[in-house]
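Trainee: Protein chains in written order, with the numbering used here: chain P, 1 to 823; chain W, 1001 to 1632. Sharing a structure with you now.
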Amino acid sequence: MSSPTSTPGGRKRGRNTNPSTPSSEGPTSPPSQRRRGQDSSTGDLMPMPTSPATDMLSPAAPQDNSLLSSPRPSVLPNEVDMSSPLMYGTPMRGTPARQRPDLGSVRKAPQVDLQSEPPSADGAVTSESNTGQRLVIWGTDVNVGTCKEKFQRKVMVFISVVGDPVLNVNCLHVQSFDAELYRQLICYPQEVIPTFDMAVNELFFERFPDSILEFQIQVRPYNALKTRNMRNLNPEDIDQLITISGMVIRTSQLIPEMQEAFFQCQVCAFSTRVEVDRGRIAEPSVCRNCNTTHSLAIVHNRSVFSDKQMVKIQESPEDMPAGQTPHTTIVYAHNDLVDKVQPGDRINITGVYRAVPMRANPRQSNVKSVYKTHIDAIHFHKTDEKRLHGLDEDAEQKLFTEDRVQTLKELAAKPDVYERLSSALAPSIYEHEDIKKGILLQLFGGARKDFSQTGRGNFRADVNILLCGDPGTSKSQLLQYVYNLVPRGQYTSGKGSSAVGLTAYVMRDPETRQLVLQTGALVLSDNGICCIDEFDKMSDSTRSVLHEVMEQQTLSIAKAGIICQLNARTSVLAAANPIESQWNPKKTTIENIQLPHTLLSRFDLIFLMLDPQDEAYDRRLAHHLVSLYYQSEEQIEEEFLDMAVLRDYIAYARTYINPRLSEEASQALIEAYVDMRKIGSGRGMVSAYPRQLESLIRLAEAHAKVRFSEKVETIDVEEAKRLHREALKQSATDPRTGFVDISILTTGMSATARKRKEEVAQALKKLIQAKGKTPAMKYQQLLEDLRGQSENAITKELFDEALRALADEDYLTVTGKTVRLLA
Amino acid sequence: MMPSTHDWINNPLGVVEGMFAASQNNPNSGWEAKAVEFFKDHLKEKDAHTWVPSLNDVPLHYLKPNSLVKFRCLIQDMFDPEFYMGVYEAVDPSTKAKVLRCGKYKDVTECGVDFDSRNTVTAERQTFYCVPIPGENPWVKESYAGSSQARVVPSTSYAPTRQKRSYEEDDDMDDMDTQMQREPHTGPQSPTEQHGNGDCKRRETEAPSSQTAPASHLDLNFPLPGEKGPSCLVKVYEDWDGFKLNDTLEVFGILSVSPALSALADKKDASSSLLDPTECMETAEEQRVHSPPASLVPRLHVLYAKPLPHNNPLLPSATLEDNSAFLSSTLSEMASVRAELLTFLTPILLGDALAAEYLILHLISNVYSRRDVLPLGKFTLNLSGCPTVASYTERFYQIIQQLVPSSYYLGMSLQNMNQMRFVPKKDYSANRLVSGALQLARNTSLFLDETQLEQGQLDTAGVRNVTALGNLITWQKVDYDFNYHQMEFPCNINVLIASEGRSLLPSDCQIHLQSQITPPHMEEYLSSIHVHPQASQLNKFRMYLSVARLLNYSISDEVTKSVEDDFVDMRKDDPQSISAEDLHRMLVVARLLSLSLGQTSLSRDSWLRAKHIELLRRSRMEQHTCVNGNEP
């Protein structure tokens, strides 16, 4: 059997234009003759001047529709050209057939009896079928009977839902059922799909003989394994069934496309119909009835049109090799697929790839030797829908080849995979191991949980990380790296971005003049990571939108009459510089970066990137940097995991691994939390809140994902605990006492600081009481008195705070420079 | 069958067709590879490539259609791959017999194509939209044109009236119907043509002088405003995956200017479009862009495309490694040329020798590698303290222009920042990438004149432009705007910022000019600066700068050790004095310093010298800690 791909040029032309092929069934006989009777019966009706699409969805009066130019119901069952093997069997009662413009005109495809005619050189090949029937469709090796039977058996096996009269068929299932059938489907979709239609309809009406459908069932295969990148399409794919992914960039208006032209003789009013063949109408030059030449004129109202829409799709950015621009492909959507997709949608489209020669211009002898290519869409699958409705098995099957999965699994089985991956992360940045580990866990993320049943809504699964530290400690570089690593990453700088740039804004579309919602970085990075540099330079209003995003993971918008809530399930990786140009070790994190504690408490991990100022470290750093400047590319590659492997590893784990807490792990988490609470309670402080417990769970789950483990085990919890502690040690240490104090992050003030404030207030009160009955005092005087009395240094701020505390108690008021006691 | 020298240049299609015909009896002859090999071999011959006329310096109408031409260009945009008839069957008009024809390297088929023939072979090719290298300096153009040995005579295939038609009129043709074409075209001397200088024939390929030109003109999509030269649709037949956007190439290919190409695009027959699915696929805009008139945008069918590692006509075309004699002779001279260049540049930088030294380092800098996101080797220089009198910065730029192959002066005036398009943007209705000023070839010198900055408000576009400049400097990448997403394109652009105070943009290295001239005499001094040195000296400098950039570089283990020691020692004394970032910079300075002296590995001396000049520069910085709120 000759391979179908070996004759790319020969196959695509003239499937039904070979007059020399004898055919017993007379496929070339003009259909008009058989229709004459019907035409005359309706001929006295007035032609209805309707626009093509108005009556599309009214099945109420199918008979009346026969004269409308609406495509579907106009082909009445008794009109069907029964001569073609590809018409859908016997006419079904009351259920009209419907043309398939997506497959072009196939009804004339002749069947060739192999017994009477040897296979031609063109590639009509012997059928494998063992049944007595040896008919194959000319030019292919498709045997209608076998094909039908196989498919019916297949449908019985993988029976799908019948809602719309459309049957979506996963090609993968076809393949697992019968590889030969699958190959035929891929190579000869134009013939095989109508055969499938036929099979399904026969089956359906056998089972439900009394049902009436809107139109006959159509089969829409999808997920052809020949799924490929737009870039890989080549001439061999012409006229084959392909599935490609891409992003819709433009859709045209609805184009009424003529399916069948209606000609009427100007002399004798004899009418005839001519089917449009690949965009061309063969205008009859002679009237059959009165033999007048050039007397036939087209009547547009009575011609049959179908809906058509041009959709332009572009390669998705993920599939592109670096340094090239994305390719675009034109797709035609027909009938009910029209308006199914919008610009901006990411879709998988299954269809037949076509190449059309440039039309020969009668006025010109030379023509462009270029074909125009497009895809006739059979099935659209929006891939971004899965973002709204959880995960979807079909979309991912093609993500990884088996080899790749094998490599990834081997990597995952290594005991030091966690260390390996974290060191592969941003190798040009020196050390900061724990920070890299934290970011690694962020890349994997926790497991998504849904508690909406119990009223809590979705649980945040994404890990948020804040890096703060001295300028020039490669924070931005780390952010850039992460942004480049993840497919749905966004990078913004707090300095330049406004609240609208982060969230969404409403603008008028220049083309349609309609208000459209343009989404900002946070929405765009849904399911990805949003890197925000110079977090501290953000304005307060901008920062306030992050409150909602970082815990509820939604974004509420009320602008220009558009009120909506968008998903923003994004991990935030932020970097902040200290207010003073250098990190002040004597101050707390909050004091150093001046961010509201409400925001800080939403970060799972807060890391300090400080200069360790240690000789051994300096030496290693210097070595690292110098080697950066002279190592060759090959050496670098040997040392570290490839960025692409890392990316795949993360993608794989994120889609396939969904770990659950094991019993021991839950216990370990509980213990860890209780321990954290205990540490503080000894000193009268709260050192952990439920938010910290949630963080621990997320981190533990992420660590389990790193191991490709479906179960969160104690080691995961241990690592989560360690990392959490490390981050806390760096960021939540009270510089005055040296203790880790979570309240610095949750309330903005360490417990000792709060205690101290109370002490000063009490001392001040005592001082004033000791002064006796003086209703008013000088502010400066009081401060000096207090300073003289106290053992510790009293700063002006502390004094002011104490005054404010007393004022809150209604003990005194401060007016300008005087302090008055209230009675 | 061995065509003579003239034949392969004048009639390359004859060669191709001859090979095609010879292969007909032998299906596995691999004639396509042989044809490419044939041209490659011929071009390798000594000086052979100079015989081929260049689209860059010969006006299009002097070139013979279907002859071999070359084009020095930058890939500005990549169109979709197209399927064409590689082999087709046609009826020979004389014998009426069916013959197989080769469709490769051609845009149009001969008459009488049988579309339904079984012998048709569909093949694939890729189209690139190429423009002349943006910002290419006049001396480069002159030098290339001067070395050309191609003999061109005005082609006879075009009527003289057609040659001189300006593109405005071409445009009119697009809009009016086809009847225009049948009518004899009269009156080439339309009034619009008078304002051009002398050579009005070249005007047809001029870019609109500003990017705000009326949209009715066919925009040739040059990255920089005011550029001239033809743009070209380059059709690539093999290995197109190896080409990247913004690559600079020298393309040898067959010129195709068949008027049928544009005529096809003109036809907008309302009646026929209804039934023709091919017509309604594209918008009128897209057709204009993808099939512009061939008289304006010729098609070039590539036989051989050579990537240009540099664009300096003075350097031998072979790579440095292959040309050891040239390399060793230049290396030995480098130190002396450097000293000469230093003396040349010092008076221009108002007598500041340190600044001149840094300028040399900047001019030979080059992103030689990337470690994950980190570009290595970039050296953006911020020259602060520039006098604002007597258009000093412009004079200064003129000097740079004389030295580097391609450069662009960008005055950061409010108007420029708010109105210019910096970042290329995809136009989906025309389906092309609309270029921007930051779409530049590698090693282009971008001169940012911040002294032009005035008070006022940057609008959204302005802010975006400043961000783009910042990204360019920090990461050496430009995020092209694809409307639904952005796409990152790495670049390699030398950015020099001239400013009064510290620049508002980030930079790798800032040096404050220490003028040796007292302000009262400034204007007098500036106007006396010698802008035009001797050509021989200039050529020496040009060669020096290009060679220094191409050299390889290494650091021995020994020196690594001593650098480490130095770093640790410096940190020991005062940890604040030197950070990791400072070490980064010092390593770059040391690298560039070594290369500028012609040394391909770091020596202890060079390291110390780098440390020394960094120290000088930093001490100067401390004197000029002008606070303008832009400190990190």
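Glycine included, C-beta positions come from ideal geometry on N, C-alpha and C.
Less than 7 Å between the C-beta atoms of residue 1133/W and residue 1407/W, yes or no?
Mentor: no
Trainee: List the whole-angstrom C-beta distance separating residue 1080/W from residue 328/P, where the pair is believed to meet the contact cut-off of C-beta under 8 Å.
Mentor: 6 Å
Trainee: Which chain W residues sit within Cβ distance under 9 Å of residue 615/P?
Mentor: 1568, 1571 and 1572
Trainee: The beta strand (DSSP E) spanning residue 493/P covers which residue range?
Mentor: 489 to 493
Trainee: So, is the C-beta of residue 811/P closer than 7 Å to a C-beta in chain W?
Mentor: no
Trainee: Determine, using beta carbons only, whether residue 301/P comes closer than 7 Å to chain W.
Mentor: Under the Cβ criterion of 7 Å, residue 301/P is not counted among the residues facing chain W.
Trainee: In three-state terms, what does DSSP make of residue 1597/W?
Mentor: Residue state, collapsed to three classes: coil.
Trainee: Which residue comes first and which comes last in the alpha helix (DSSP H) that contains residue 351/P?
Mentor: Where residue 351/P is concerned, there is no enclosing alpha helix (DSSP H), although the beta strand (DSSP E) it sits in stretches over 346 to 357.
Trainee: Within 10 angstroms of its Cβ, does residue 564/P collect 16 or more other Cβ (buried), or is it exposed?
Mentor: Looking at its Cβ environment, which holds fewer than 16 other Cβ atoms inside 10 Å, residue 564/P is exposed.
Trainee: So residue 260/P and residue 304/P are in contact, right, with Cβ under 8 Å, and what is the actual spacing, rounded?
Mentor: 4 Å
Trainee: Do you know how far the Cα of residue 481/P is from the Cα of residue 1265/W?
Mentor: In this prediction, residue 1265/W scores a pLDDT of 45, lower than 50, which makes its location untrustworthy; no coordinate-derived value is stated.
Trainee: Touching or not, the stretch 1465 to 1479 of chain W and the stretch 1497 to 1509 of chain W, by the rule of three or more beta carbon pairs under 8 Å?
Mentor: Contact between the stretch 1465 to 1479 of chain W and the stretch 1497 to 1509 of chain W is present, because at least three Cβ pairs lie under 8 Å.
Trainee: Counting contacts by CB-CB distance shorter than 7 Å, is residue 1244/W in contact with chain P?
Mentor: Yes - at least one Cβ of chain P is within 7 Å of the one on residue 1244/W.
Trainee: Report the rounded CA-to-CA distance for residue 1104/W versus residue 1240/W, giving the unit in angstroms.
Mentor: Their Cα atoms are separated by approximately 15 Å.
Trainee: Does any C-beta atom of chain P lie closer than 7 Å to the C-beta of residue 1084/W?
Mentor: yes
Trainee: Our contact map puts residue 1255/W next to residue 1067/W with C-beta atoms below 8 Å; I'd like the distance itself, whole angstroms only.
Mentor: 6 Å
Trainee: If I measure Cβ to Cβ from residue 1341/W and keep anything under 7 Å in the same chain, skipping five residues before and after, which residues do I get?
Mentor: Listed in chain order, the non-local C-beta contacts of residue 1341/W below 7 Å within the same chain comprise 1360, 1541 and 1544, local neighbours out to five positions each way being set aside.
Trainee: Using a Cβ-Cβ distance under 7 Å, would residue 480/P count as near chain W?
Mentor: Answer yes: the Cβ-Cβ gap between residue 480/P and chain W drops below 7 Å somewhere.
Trainee: Please specify which runs of the beta strand (DSSP E), each continuous and at least 3 residues long, are wholly inside the stretch 418 to 467 of chain P, giving them in chain order.
Mentor: 449 to 451 and 457 to 459
Trainee: For residue 248/P, which three-state DSSP category applies?
Mentor: strand
Trainee: Measuring CA to CA, which of 1307/W, 1084/W and 1108/W is closest to residue 1074/W?
Mentor: 1307/W
Trainee: Tell me which residues share the same chain as residue 221/P and place their Cβ nearer than 6 Å to its Cβ, disregarding the 5 neighbours each side in the sequence.
Mentor: 169 and 171
Trainee: By DSSP's criteria, residue 530/P is part of a beta bridge. Which residues make up the other side?
Mentor: 490/P and 572/P
Trainee: Using a threshold of 7 Å, state whether the C-beta atoms of residue 830/P and residue 494/P are closer than that.
Mentor: This structure cannot speak to residue 830/P, because chain P is shown only from 1 to 823.
Trainee: Looking only at C-alpha atoms, which of 181/P, 369/P and 695/P sits nearest to residue 1102/W?
Mentor: 369/P
Trainee: So what's residue 543/P in DSSP terms, helix, strand or just coil?
Mentor: helix
Trainee: Taking Cβ positions only, does residue 1362/W come closer than 7 Å to chain P?
Mentor: At a cut-off of 7 Å between beta carbons, residue 1362/W makes no contact with chain P.
Trainee: Which residues in chain W have a C-beta closer than 7 Å to the C-beta of residue 621/P? List them in chain order.
Mentor: 1580
Trainee: For residue 1498/W versus residue 1354/W, is the C-beta spacing smaller than 7 Å?
Mentor: no
Trainee: Round the Cβ separation of residue 607/P and residue 727/P to the nearest angstrom and send it over; I've been treating them as touching at under 8 Å.
Mentor: Contact holds; Cβ gap of about 6 Å.
Trainee: Residue 187/P and residue 240/P - do their beta-carbons sit closer together than 7 Å?
Mentor: A distance below 7 Å separates the beta carbons of residue 240/P and residue 187/P.
Trainee: Please name the residue in 553/P, 627/P, 557/P and 204/P whose C-alpha comes closest to that of residue 528/P.
Mentor: 553/P
Trainee: Would you mind stating whether residue 310/P and residue 245/P have Cβ atoms separated by less than 7 Å?
Mentor: no
Trainee: If you draw a straight line from the alpha carbon of residue 787/P to that of residue 814/P, how long is it in whole angstroms?
Mentor: 19 Å
Trainee: Please report the distance separating the alpha-carbon of residue 82/P from that of residue 382/P.
Mentor: Its pLDDT being 38, under 50, residue 82/P is placed unreliably in this model, and the coordinates cannot settle the point.
Trainee: Considering only the alpha carbon of each residue, which of 798/P, 467/P and 543/P lies closest to residue 577/P?
Mentor: It is 467/P whose Cα lies nearest to the Cα of residue 577/P.
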